[in-house]
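**Q**
Numbering (the numbering used here), first residue to last: 60 to 294.
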C-alpha cells in the first residue's frame, strides 16, 4: 500500500516533467522565427500553488513515512482506517470528488503558461494573454504559439517541419491590419505550413504575398446549393 501511494506522487511529478519536456521542441521551433523587430518568442511554464495538491502530498507523506514493522496489529488497523478516510475521494463517485481528482492528478492544472518576447539588447516582454491587445496583436501572438505547437504535433514529435500540413483559416486575421497579418502568415509559412485562407473579398489583398492562388467563391442566393468559383490573378 505504501509503495502504491508513493507511486502516485512519482507519477504526478513525471506528468509535470513531461509538460516541461514537451515545451522544448516548441521553443526550438519558435526560436527560428522572428516575432517582431528581431525578437523571438519562448514559452515558459510556471507552477501553480494548489491547496488540494499540497494537502494530498502531505497526507501521502504522513502515511508513507511511518513503517509498519514493529507496530502492533491494532495500531496498524487504526492507521489503515484513518488513511481510507483521508483518501476516500480517490474512489468516491461524485462530481465534487471528480473535480478534486482533476485538480490533484491532472498536471495541466498545476502549471500556467506565458510567452516571453526576448528582444536584442532590450528587456524581455511577458505576454500572459491577449487581454489589452488589439485584435491584430492577439491574433499574431496566437498564430506564433499555436503554429509552433502544431508543428511539433503534426511532425510526429520531431523538430522537423511536417511534409504535408495545410492549415485552414476560416476568416483568419479579418480583424488584423496588413502588418500583423503579414507577420503572422510569414510565421506559419516559416514553420512549414501550407495556408488555405477563407476571408471576405476585401481582405484578399492582405494575403497575396503568402498564397499561390486566390479563388472567389460566389453563392447564388436564388438557387440553393449553387456555388461558383472564380480564380483571381495575383499580380
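All C-beta atoms, glycine included, are put in the ideal place defined by N, C-alpha and C.
Taking the straight line between their C-alpha atoms, what separation do you get for residue 174 and residue 88?
**A** Those two C-alpha atoms are separated by around 14 Å.
**Q** Going by beta carbon distance, what residues of the same chain come within less than 8 Å of residue 225, once the five residues before and after it are set aside?
**A** Excluding sequence neighbours, residue 225 sits near 252, 253, 254 and 255.
**Q** So what's residue 117 in DSSP terms, helix, strand or just coil?
**A** Correct three-state label for residue 117: helix.
**Q** Any Cβ of chain D within less than 8 Å of the Cβ of residue 252?
**A** Looking for chain D here will not work: only one protein chain is present.
**Q** Is residue 292 near the ligand MN, with its Cβ less than 7 Å from a heavy atom?
**A** This structure simply doesn't include the ligand MN, nor any ligand for that matter.
**Q** Kindly indicate which three-state DSSP category residue 201 falls into: helix, strand or coil?
**A** The answer is helix: DSSP assigns residue 201 an H, G or I state.
**Q** Quick check on DSSP: helix, strand or coil for residue 78?
**A** Residue 78: helix per DSSP, three-state reduction.
**Q** Using alpha carbons as the reference points, say which of 90, 250, 119 and 245 lies closest to residue 269.
**A** Selected option, being the one with the closest Cα: 245.
**Q** Would you identify the three-state DSSP class for residue 133, choosing helix, strand or coil?
**A** Looking at residue 133 - three-state DSSP - the assignment turns out to be helix.
**Q** Based on the DSSP secondary-structure assignment, which residues constitute the bridge partners of residue 289?
**A** DSSP, once it has assigned bridges, lists 275 as partnering residue 289.
**Q** Can you list the alpha helix (DSSP H) stretches of 4 or more residues lying completely in the stretch 162–203, in chain order?
**A** The stretch 162–203 contains no whole alpha helix (DSSP H) run of 4 or more residues.
**Q** So what does DSSP say about residue 144, is it helix, strand or coil?
**A** Helix.
**Q** Taking the alpha-carbon of residue 85 as reference, which of 147, 119, 97 and 206 has the nearest alpha-carbon?
**A** Out of 147, 119, 97 and 206, 206 has the C-alpha closest to the C-alpha of residue 85.
**Q** Are there three or more Cβ pairs, one per stretch, closer than 8 Å when the stretch 106–114 is compared with the stretch 163–174?
**A** At 8 Å Cβ cutoff, the stretches touch.
**Q** When the distance is taken between beta carbons, is residue 196 closer than 8 Å to residue 242?
**A** Against a cut-off of 8 Å, the Cβ pair of residue 196 and residue 242 comes out as no contact.
**Q** Using the rule of at least 16 other Cβ atoms within 10 Å of the residue's Cβ for burial, across every protein chain shown, is residue 250 buried or exposed?
**A** Buried.
**Q** Using the Cβ count rule (16 or more neighbours within 10 Å means buried), how would you classify residue 275?
**A** Classification for residue 275: exposed.
**Q** With 16 other CB atoms within 10 Å as the buried threshold, where does residue 210 fall?
**A** That one is buried.
**Q** Hey, out of 281, 282, 248 and 71, whose CA is closest to residue 266's CA?
**A** Closest by alpha carbon: 248.
**Q** Can you say whether residue 134 is buried or exposed, counting buried as having 16 or more other CB atoms within 10 angstroms of its CB?
**A** Classification for residue 134: exposed.
**Q** Pick out whichever of 154, 143, 230 and 203 has its Cα sitting closest to the Cα of residue 119.
**A** For the residues 154, 143, 230 and 203, the minimum Cα distance to residue 119 belongs to 143.
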